[in-house]
Each structure stands twice: as structure tokens, then as C-alpha cells.
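>
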Amino acid sequence: GPKVIEFNSRFGDPETQIILPRLTSDFAQNITDILDSKEPAITWTDKGVTLGVVVASNGYPLAYEKGVNLPAKTEGDIITYYAGAKFAENGGGRVYMLVTTADTVKDGQNIIYSQLDKQNTEGLFYRTDIGSKAIK
């Protein structure tokens with residue numbers, strides 16, 4: 435039968451950062467209900483798609499660059515999640531993730547990648563094919 439390989443409850447992984455924006459119920463209330471042994475009233479949006487692209491330091495996950503530029507404020511309906519970032523010194527590793535919800539995967543790609551085109555990504559890299567398999 436199924437086996438648990440990893441249990442992650444820190445809500446910092448890219449997979450969680452894509453799912454949480456789709457939550458329409460009160461996250462804190464859901465957790466409180468669970469802790470109080472109550473059935474949580476969890477609701478999700480079923481409209482559109484949520485897409486995210488991780489931006490990491492060159493060399494990640496091995497010996498990666500540190501002191502890379504953090505992005506300026508994003509435009510539009512984009513959430514920026516920072517990870518491995520030290521704002522006083524800038525960061526390294528998995529530096530940030532841009533997330534958006536759009537009507538289609540292609541629309542989500544256009545929003546995220548046009549925002550990345552406007553940013554200084556020197557010393558950083560990101561995949562340019564996120565969501566492409568869903569379009570085919």
C-alpha cells in the first residue's frame with residue numbers, strides 16, 4: 435500500500451505556495467478547528483489555474499551564488515514568496531517564487547514570464563517551460 439516518504443508542514447515549499455492562493459476559506463480558522471478536534475470548513479476556488487516559477491541563484495542546489503539582486507516590486511496580480519533571502523545582504527539558493535492565478539495556463543505563463551523579463555535576474559536562473567506540458 436501507500437507509504438509516507440515525507441511529511442512537510444512548514445508551508446514553505448513551492449507546491450504549497452501554489453495551492454494556498456486557491457484556498458477561499460480562512461486558513462487560520464481551519465487550523466484552529468483542526469487543533470480543537472472540529473471538522474474544518476475548507477473551501478477552494480475552482481476557477482482558473484495557479485502557476486508559479488521559482489527563481490534560484492546560479493549553481494543552486496549545489497555551490498550557489500550569494501548576494502544576488504532581489505526583485506523590485508511586482509506589477510499586477512502576482513504574489514512574490516521569498517526563500518533563502520536576507521534583505522540586508524540579499525540572498526541565495528532558492529531566492530523567490532512568482533505566483534499568479536489566471537484563466538488559462540498560457541495566460542499564467544504570459545503574466546509570470548513577462549514580469550520576469552522586466553526584472554534584473556543577473557546571477558539567477560529559472561525554468562522557462564513551467565506549465566508547458568499542461569498546454570500540449
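Numbering (this note's numbering), first residue to last: 435 to 570. All residues carry an ideal CB built from backbone N, CA and C; glycine is no exception. All figures in this text were calculated on a predicted structure; none of them were measured in a lab.
(1) Determine the closest residue to Leu-485 out of Leu-504, Lys-552, Thr-538, Leu-550, with distance taken between C-alpha atoms.
(2) Just list the alpha helix (DSSP H) runs in the region 538-566, keeping only unbroken ones of 4 residues or longer that don't cross its boundaries, in chain order.
(3) For Ile-468, which of helix, strand or coil comes out of DSSP?
(4) Can you tell me whether DSSP reads Ala-434 as helix, strand or coil?
(5) Does the Cβ of Gly-565 have 16 or more other Cβ atoms within 10 Å, making it buried, or fewer, making it exposed?
(6) Would you call the CB atoms of Val-488 and Leu-550 closer than 8 Å?
(7) Count the other CB atoms, across all protein chains shown, that sit within 10 Å of the CB of Val-438; report buried if there are 16 or more and exposed otherwise.
(8) Would you tell me roughly how many angstroms separate the C-alpha atoms of Ile-468 and Asn-544, rounded to the nearest one?
(9) Can you tell me which of Ala-462, Glu-556, Pro-455, Glu-473 puts its alpha carbon nearest to the alpha carbon of Leu-504?
Reading it off the structure:
(1) The sequence position of residue 485 within the sequence shown is 51, counting from 1. If we check each option's Cα against that of Leu-485, Thr-538 comes out closest.
(2) 539-552
(3) Stepping through the sequence shown from its first residue, residue 468 is reached at position 34. Helix, per DSSP.
(4) The first residue shown for the chain is 435 and the last is 570, placing residue 434 beyond what the model contains.
(5) Within the sequence shown, numbered from 1, the residue matching residue 565 stands at position 131. Buried: at least 16 other Cβ atoms inside 10 Å.
(6) To locate residue 488, count along the sequence shown from 1; it is residue 54. To locate residue 550, count along the sequence shown from 1; it is residue 116. Not in contact: Val-488 and Leu-550 (Cβ atoms no closer than 8 Å).
(7) Locating residue 438 in the sequence shown gives position 4, counting from the first residue. Exposed is the call here.
(8) As a working note, residue 468 is residue 34 in the sequence shown. As a working note, residue 544 is residue 110 in the sequence shown. Roughly 38 Å separates the two Cα atoms.
(9) Against the sequence shown, residue 504 aligns to sequence position 70. Selected option, being the one with the closest Cα: Glu-556.
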